[in-house]
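Position in the sequence shown (first residue = 1) + 43 = our numbering.
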Amino acid sequence: MDKKRTTRLSCERARAFPIEKALAKLEHFPIRETEKEAWFLSPFRSETQASFKVSKKLNRWYDHGQGIGGNVIDLVCLLNNLSVKETLQWLEADQISFSFHQQSFFKEQNNMGLQILHAKPIWHFGLLKYLFERRISISTAAQLCKEVHFMNKQKRYFAIGLQNISGGWELRNKYCKSSTSPKDISYFKDGKDKLIITEGMFDMLSLIEIHKNLQEEYDFLILNSTTFIKRAMTHLEDYDEIDLYLDNDSNGKLTTENLLKVSNKFKDKSKLYEGFKDMNEWLMNCSKESMEQRIQDVFLLPQKQTCFSPDGCKENKK
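Following this line, the structure appears as structure tokens:
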């Protein structure tokens, strides 16, 4: 294949790169959007009213303030002052942060090379949008999490962060699922007699979201990985009741079964999200009426023999 044809094919692939993702990579996020379009504050100048439009269907942009527009290659060339060749490299080479197939920009593993820059209250629009998509309010997220800015391979990123008891962070955003060293459990102790254990941060946030007074009755412990269950055990002796909301996969079920054998103070609460992988997936897919019924059954009437079915929910078919 000749060089000219290779360049043409490379341009065709690059033009398919979503403009919204390219802007997000440059830390520009929409002020408002619909299914068809998104509006941004212009990345070319300072303004208070969004005049920069992105057509999601066409994957084209238009700046009404300057009367210019084009495709993603045109945009990146202008914003970064790059040649077409350099722009293609910018779009295609950085697969770790964005890809044409919308893969995570970090693998789901301990990323020990991350450098935390700072943590602060959550305010970035991109993170607020991410929380909204997962049906978590900012007031709920703020109880446990921070907005964390960090470096990875000389590039700057930001995410919802949950700190563990050893000072490491679990990091999540729309494109990122990672963590920093040291890995450990996250434990929120307030002297309560009862404890809730979940595997991940969004499972705990989902519980708080649907049961606003939960902190009045429970301490919280987030495993961050079921491999840390032995570490968690050292914190469990003083509790009268420990409610388990572990994932509905083979690993989560096995961990729950093993804990139920240890003591009768462990209670399996996974019936609440039966038919779904975890708490947050259930929260994202359930109707209000179905959700309220399950909450009533699990939280208020645990002695009632109820047939839990995902009626009213969009059950995950994966």
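In this text, a Cβ means the ideal position worked out from N, Cα and C, and glycines have one as well. The structure presented is a predicted model; accordingly, all values stated were derived computationally and were not measured.
Query raised in the report: Quick one, which of I240, C329, R274, L131 has its alpha-carbon nearest Y288's?
Result: For the purposes of this step, residue 288 is taken as residue 245 along the sequence shown, with counting starting at 1. That would be I240, whose Cα lies nearest to the Cα of Y288.
Query raised in the report: Does the ligand FAD have even one heavy atom less than 7 Å from the beta-carbon of L118?
Result: Looking for the ligand FAD in the displayed structure turns up nothing, as the structure carries no ligands at all.
Query - Segment contact, 8 Å Cβ cut-off, at least three pairs: the region 300–309 with the region 260–269 - result: no
Requested in this report: Determine the direct distance from the alpha carbon of T130 to that of V28, and round the result to whole angstroms.
Outcome: One cannot answer for residue 28 here, as it falls past the ends of the chain, which runs 44 to 361.
Query - Same chain, Cβ closer than 8 Å to A57, five either side skipped, listed in chain order - result: Here residue 57 refers to the residue found at position 14 of the sequence shown. Correct list, in chain order: V115, I116, T130, L131, L134, E135.
Query raised in the report: If we ignore side chains and look at the alpha-carbon of each, how far apart do L315 and L248 end up?
Result: What you label residue 315 is simply residue 272 of the sequence shown in a count that begins at 1. What you label residue 248 is simply residue 205 of the sequence shown in a count that begins at 1. Their Cα atoms are separated by approximately 15 Å.
Query raised in the report: Going by DSSP, what residues sit across from D311 in a beta bridge?
Result: In the sequence shown, residue 311 corresponds to position 268, counting from 1. According to DSSP, D311 bridges with L287.
Query raised in the report: The beta strand (DSSP E) spanning T269 covers which residue range?
Result: Translated into positions along the sequence shown, residue 269 becomes position 226. Careful: T269 lies outside any beta strand (DSSP E) and carries neither H nor E.
Query - Own chain, CB closer than 7 Å to L303, minus 5 neighbours either side, in chain order - result: Against the sequence shown, residue 303 aligns to sequence position 260. Excluding sequence neighbours, L303 sits near F309, D311.
**Report entry** Cβ-based neighbour list, T277, same chain, cut-off 8 Å, excluding 5 preceding and 5 following
**Finding:** Your numbering for residue 277 matches position 234 in the sequence shown. There are no such residues.
**Report entry** Cβ separation of Q109 and F83, assumed to be a contact under 8 Å, to the nearest whole Å
**Finding:** Looking up residue 109 in the sequence shown gives position 66. Looking up residue 83 in the sequence shown gives position 40. The Cβ separation is near 13 Å, so there is no contact.
Query raised in the report: Does E129 come within less than 8 Å of chain D when only Cβ atoms are used?
Result: Any reference to chain D falls outside this structure, which holds one protein chain only.
Requested in this report: Taking 8 Å as the cut-off, decide whether the C-beta atoms of D246 and D321 are in contact.
Outcome: Against the sequence shown, residue 246 aligns to sequence position 203. Against the sequence shown, residue 321 aligns to sequence position 278. Result yes, Cβ atoms of D246 and D321 sit closer than 8 Å.
Requested in this report: Assign T91 to one of two classes, buried (16 or more other C-beta atoms within 10 Å of its C-beta) or exposed (fewer than that).
Outcome: Counting from 1 along the sequence shown, the entry for residue 91 is found at position 48. With fewer than 16 Cβ atoms within 10 Å of its Cβ, T91 is classed as exposed.
Query raised in the report: Near S85, which residues of its chain fall below 6 Å by C-beta distance, leaving aside the five closest residues on each side in sequence?
Result: Within the sequence shown, numbered from 1, the residue matching residue 85 stands at position 42. Excluding residues within five positions, the ones whose Cβ falls inside 6 Å are S94, F95, D106, G108.
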